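Q:
In my numbering, the protein residues as written are 164 to 504.
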């Protein structure tokens, strides 16, 4: 670990202890900046290609200023496809200038055209690659996107070596037989990889909407997936999933105590603050209230710290964030390696 990485890791640990035992303020900002996307992935729950109801870059800048003052240290910018926004440079600049570790999750299609204007402000690119060949194009219904993603990774590695690169693979019935080949691809490119079993639906006020369940792995397949990734991880592949996370699925998915609302806050493109167990009923909108003022609202405090009897999510960010809040050391160490090493 270099000196800069050590300082950033120390800052994260300090904020975790402060958040966990003293201030109660979140660490991670999860910012869905657009629902627009050039892909039409069958497994996606998020994109809406025609949606233009988005906060302006000036509104976003004020949110990031508040996030800095509240003690947030990580900002995950995603979509849709965030690089589709014309003002993405202003957005990532505002994030970086407010001392947020700035992560951009992208399919890579527009990276070559946008890299010069955003590279100075991005700490990490997460490239979405779900298949280790051009069949990725078919899965995303976007011709040429596999080669664009590979070229984007090679471009960043060659010209912007200070930017961390991660591959994220959403695991479904389409690609569950390609786990090793995806790991081999990451090894060939010399970058780390996350495996994320797809989310099958979303919680609403009326209950769980399981609209993508037919594409997801069943319990036995999830267990096989977990054991395979554990084996690859033990063989030395650069896999970011923690053992704690993988063991959640090995032998059948176990319930976990969801703490993500304590660790993170999620903002939708239009400024809605989402209640993850009733996504159809946002708790506030940042066009009407500042992020700072939001944290003094009694209903927000009650919402964030009330127990959540839900373990539907499969996403490693959700599950490992919950384990980090519970101070599980291996999950904390995995998170530090992911962001700072």
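Cβ atoms here follow ideal geometry from the backbone N, Cα and C, with glycine treated the same way. Treat the numbers as computed from the prediction; the structure is a model and nothing was measured.
Does DSSP put residue 371 in a helix, a strand or coil?
A: Residue mapping note: residue 371 aligns to position 208 of the chain shown, counting from 1. The answer is strand: DSSP assigns residue 371 an E or B state.
Q: On the criterion of 16 or more Cβ atoms from any shown chain inside 10 Å, does residue 222 qualify as buried, or is it exposed?
A: The residue you call residue 222 lines up with position 59 of the chain shown. Exposed, since its Cβ has fewer than 16 Cβ neighbours within 10 Å.
Q: Is the separation between the beta-carbon of residue 507 and that of residue 444 shorter than 8 Å?
A: In this structure the chain extends from 164 to 504, so residue 507 is not present and cannot be described.
Q: Does the stretch 481-493 come into contact with the stretch 248-266, if we say contact requires no fewer than three beta-carbon pairs (one atom in each stretch) closer than 8 Å?
A: Output reads no: the stretch 248-266 does not touch the stretch 481-493.
Q: Could you work out which residue in 229, 220 and 203 is closest to residue 433 when comparing CA atoms only?
A: Here residue 433 corresponds to residue number 270 of the chain shown, with the count starting at 1. The shortest C-alpha separation from residue 433 is found at 220.
Q: Buried or exposed for residue 165, going by 16 or more other Cβ atoms inside 10 Å?
A: On the chain shown, position 2 is the one that residue 165 refers to. Exposed: under 16 other Cβ atoms inside 10 Å.
Q: Using 8 Å as the threshold, is the C-beta distance between residue 333 and residue 361 below it?
A: Against the chain shown, residue 333 aligns to sequence position 170. Against the chain shown, residue 361 aligns to sequence position 198. Cβ atoms of residue 333 and residue 361: closer than 8 Å.
Q: Looking at C-beta atoms only, is the number of pairs between the stretch 166-181 and the stretch 401-410 that lie closer than 8 Å three or more?
A: These segments do not touch.
Q: Work out the CA separation of residue 421 and residue 183 for me, nearest whole Å.
A: Mapped onto the chain shown, residue 183 falls at position 20. Mapped onto the chain shown, residue 421 falls at position 258. Taking the straight line joining both Cα atoms gives about 14 Å.
Q: Under the assumption that residue 479 contacts residue 357 (Cβ atoms under 8 Å), give the Cβ distance between them as a whole number of angstroms.
A: For this step, residue 479 is matched to residue 316 along the chain shown. For this step, residue 357 is matched to residue 194 along the chain shown. Correct: roughly 6 Å between the Cβ atoms.
Q: May I ask you to verify whether the stretch 228-240 touches the stretch 448-463, counting CB pairs closer than 8 Å and requiring at least 3?
A: Yes, since at least three Cβ pairs between the stretch 228-240 and the stretch 448-463 fall closer than 8 Å, the two stretches touch.
Q: Return the first residue and the last residue of the beta strand (DSSP E) that residue 441 is part of.
A: For the purposes of this step, residue 441 is identified with residue 278 of the chain shown, where counting begins at 1. Note, residue 441: premise wrong, no beta strand (DSSP E); not H, not E.
Q: Is residue 429 buried or exposed, if buried means 16 or more other CB atoms sit within 10 Å of its CB?
A: As a position in the chain shown, residue 429 is number 266, starting the count at 1. Buried.
Q: Going along the chain, which unbroken runs of the beta strand (DSSP E) with 3 or more residues stay wholly within the stretch 426-490?
A: If we require 3 residues or more, the beta strand (DSSP E) runs fully inside the stretch 426-490 come out as 427-430.
Q: Quick check on residue 241: does DSSP put it in helix, strand or coil?
A: The count along the chain shown starts at 1 and reaches residue 241 at position 78. The answer is strand: DSSP assigns residue 241 an E or B state.
Q: Classify residue 308 as buried or exposed, calling it buried when 16 or more other Cβ atoms lie within 10 Å of its own Cβ.
A: Counted from its first residue, the chain shown places residue 308 at position 145. The residue in question, residue 308, is buried, as its Cβ has 16 or more Cβ neighbours within 10 Å.
Q: Return helix, strand or coil for residue 190, following the three-state DSSP convention.
A: Position 27 of the chain shown, counting from 1, holds the residue named residue 190. The answer is coil: DSSP assigns residue 190 none of H, G, I, E or B.
Q: In whole angstroms, give me the CA-to-CA distance for residue 109 and residue 462.
A: The chain is shown from 164 up to 504; residue 109 falls before or after that span and cannot be answered.
Q: Thinking just about the alpha-carbon of each residue, which of 198, 325, 347 and 502 is nearest to the one in residue 398?
A: Within the chain shown, numbered from 1, the residue matching residue 398 stands at position 235. Minimum Cα distance to residue 398 is reached at 347.
Q: Do you know whose CA, among 441, 322, 217 and 481, lies nearest residue 529's CA?
A: Any answer about residue 529 is impossible in this case: the structure gives the chain only from 164 up to 504.
Q: Return helix, strand or coil for residue 504, following the three-state DSSP convention.
A: Position 341 of the chain shown, counting from 1, holds the residue named residue 504. In the structure shown, residue 504 sits in coil (DSSP, three-state: anything other than H, G, I, E or B).
Q: Give the list of continuous alpha helix (DSSP H) stretches no shorter than 4 residues that lie fully inside the stretch 308-336.
A: Those alpha helix (DSSP H) runs which fall completely within the stretch 308-336 and span 4+ residues are 308-322.
Q: Taking 8 Å as the cut-off, decide whether the C-beta atoms of residue 210 and residue 198 are in contact.
A: Residue mapping note: residue 210 aligns to position 47 of the chain shown, counting from 1. Residue mapping note: residue 198 aligns to position 35 of the chain shown, counting from 1. Yes, Cβ-Cβ distance for residue 210 and residue 198 is below 8 Å.
Q: Over the uninterrupted alpha helix (DSSP H) stretch that includes residue 392, give me the two end residues.
A: By 1-based counting over the chain shown, the position of residue 392 is 229. Residues 382-397.
Q: Which residue from 370, 390, 378 and 270 puts its Cα closest to that of residue 441?
A: Here residue 441 is taken as the residue at index 278 of the chain shown, counted from 1. The residue with the shortest Cα to Cα distance from residue 441 is 370.
Q: Using the rule of at least 16 other Cβ atoms within 10 Å of the residue's Cβ for burial, across every protein chain shown, is residue 304 buried or exposed?
A: On the chain shown, residue 304 is found 141 positions in, with the first residue counted as 1. Residue 304 should be labelled exposed.
Q: Report, in whole angstroms, the separation of the C-beta atoms of residue 270 and residue 291, which I expect to be a contact under 8 Å.
A: Looking up residue 270 in the chain shown gives position 107. Looking up residue 291 in the chain shown gives position 128. Between residue 291 and residue 270 the Cβ distance is about 5 Å, and since that is below 8 Å, they are a contact.
Q: Go ahead and pull the three-state DSSP assignment for residue 348.
A: Position 185 of the chain shown, counted from the first residue, corresponds to residue 348. Correct three-state label for residue 348: helix.
Q: If I follow the unbroken beta strand (DSSP E) through residue 264, where does it start and stop?
A: Residue mapping note: residue 264 aligns to position 101 of the chain shown, counting from 1. From DSSP, the beta strand (DSSP E) with residue 264 extends over 264-269.
Q: Applying the 10 Å Cβ sphere with the 16-neighbour rule, what's the burial state of residue 248?
A: Within the chain shown, the letter at position 85 stands for residue 248. Counting Cβ neighbours within 10 Å, residue 248 comes out buried, since at least 16 surround it.
Q: Taking the continuous alpha helix (DSSP H) assigned at residue 175, which residues delimit it?
A: If you number the chain shown from 1, residue 175 lands on position 12. Counting along the chain, the alpha helix (DSSP H) containing residue 175 begins and ends at 166-184.
Q: Quick one, which of 317, 413, 191 and 322 has its alpha-carbon nearest residue 282's?
A: As a working note, residue 282 is residue 119 in the chain shown. Among 317, 413, 191 and 322, the Cα nearest to that of residue 282 is on 322.
Q: Do residue 477 and residue 505 have their beta-carbon atoms positioned less than 8 Å apart in this structure?
A: This structure leaves residue 505 out entirely; the chain is present only between 164 and 504.
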